[in-house]
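With our numbering applied, the sequence shown covers 15 to 292.
Just so you know, even glycine gets a beta-carbon here, dropped at the ideal spot from N, CA and C.
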Amino acid sequence: MHTKEEVKRQMTEAVRRVRAGNPMVGSVTNTVTIQFVANAQLAVGGSAAMVYLPEEGEFLAAAGGAAYINVGTLLPVYAETLPRTAAMLHRLGKPWVLDPVAVGIGEMRSSLLRQLQEYKPSIIRGNASEIIALAGLWGLDGGADCSNVRGVDSRDSVEMAKPAAAALARHTNGAVAVSGKTDLITDGKIAAYSYGGSHFMERVTGCGCSLGGVAAVYAAAASPFIAALTASAVYNLAGKRAESKAQGPGSFYTRFLDELYIASPEEIAENPFELERV
């Protein structure tokens, strides 16, 4: 198990590499939040490219440093785009992030998520109910049916999702990030609890989706666990700072993007977190 100081060092280096290298990260994402995802990726130092056609997804999988796939608002073309993009990423050994938004709502969504299992996402990001439901859909320990998923809302606690998150991480040999009042990030061996954030995050659509997009940016420069933890850390730090300056959700959104942009590598790594064995 890495020491906390070693984890901080790796987080600092991940932020520095991203800002120096400006990695291109392609996204096939939720149409409700596409602008927020792109702006957040740009703010942390990545280069955003948003697509929805199959051949464009494959092109960005090959050309980019990592990719983000979000199943939030599905279009018919996604039945072809998502598997082809994920297959290309898997074939090329590129890191990618899966956000199983609203898993269990509709057969198309369930079918796509079953197909994506074989392409082993590097990072899976979701709320507690989505993580539990995805583990159930994939037949893994800690999983359950989708009865507690209510659209994008979670009815389960982060701690309840811990066994499912660990099982998913071991299955993919990657990392899982469970978003909540306290975020949980695990690679199936160790777990990190990341603190901070803001109550305004529940009043602005796209905080979860854009977090997945930012995790993909860091995945281009670090291991899945470090990338997911760094993304959670910068979000929790920026959320906390933005809340202190905002008057409501609208000003929070603007302040939040600013805080993502100005947070230093050292400040991000020092955002409070705890480590434990799984």
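Span of the alpha helix (DSSP H), counted from its first residue to its last, around T54
Note on residue identity: the sequence assigns Ala, not Thr, to residue 54. DSSP places A54 inside the alpha helix (DSSP H), whose first and last residues are I48 to A57.
Beta-carbon contacts of T196 that lie in its chain and below 8 angstroms, excluding the five residues immediately before and after:
Correct list, in chain order: V172, Y207, S208 and Y209.
Identify the residues that DSSP records as bridge partners of E69: which are they?
According to DSSP, which records beta bridges pairwise, E69 is partnered with nothing at all.
Can you tell me whether Q55 is buried or exposed, with buried defined as 16 or more other CB within 10 angstroms of its CB?
By the Cβ-count criterion, Q55 is buried, with 16 or more other Cβ atoms from all chains shown falling within 10 Å of its own Cβ.
Just reading off the beta strand (DSSP E) that N250 is part of, what are its end residues?
Here N250 belongs to no beta strand (DSSP E); instead the alpha helix (DSSP H) covers P238 to E257.
Once the 5 residues before and after A178 are set aside, which same chain residues still bring their CB inside 6 angstroms of it?
Here the set comprises I145, I146, A149, G156 and G157.
Quick test of your reading: V111 and N44, contact by CB under 8 angstroms. State the CB separation rounded to the nearest angstrom.
Separation of the CB atoms of V111 and N44 is rounded to 13 angstroms, and the pair is thereby denied contact status at 8 angstroms.
L106 burial status per 10 Å Cβ neighbour count (16 or more: buried):
Around the beta carbon of L106, fewer than 16 other beta carbons sit within 10 angstroms, so the residue counts as exposed.
DSSP three-state label for L198, please.
Residue state, collapsed to three classes: strand.
Figure out for me which residue from G86, K134 and G40 has the closest Cα to the Cα of M122.
Scanning G86, K134 and G40 for the CA closest to the CA of M122 turns up G86.
Are at least three pairs of beta-carbons, each pair with one atom in the segment 37 to 52 and one in the segment 213 to 228, less than 8 angstroms apart?
Yes, since at least three Cβ pairs between the segment 37 to 52 and the segment 213 to 228 fall closer than 8 angstroms, the two stretches touch.
Does the segment 78 to 94 come within contact of the segment 184 to 198, defined as at least 3 CB pairs closer than 8 angstroms?
Proximity of the segment 78 to 94 to the segment 184 to 198 falls short of the contact definition, fewer than three beta-carbon pairs being nearer than 8 angstroms.
When P238, E94 and L103 are compared against S125, the one with the closest alpha-carbon:
Looking at the Cα atoms, E94 is the closest of the given residues.
Please name the residue in L274, F214 and S41 whose C-alpha comes closest to that of G262.
By alpha-carbon distance to G262, the top candidate from L274, F214 and S41 is F214.
Run the CB neighbour count on E20, radius 10 Å, all protein chains shown included, and call it buried at 16 or more, exposed below.
Flag for E20 reads exposed.
For P286, count neighbouring Cβ atoms within 10 angstroms of its own Cβ and tell me buried if that reaches 16, exposed if not.
Burial call: exposed.
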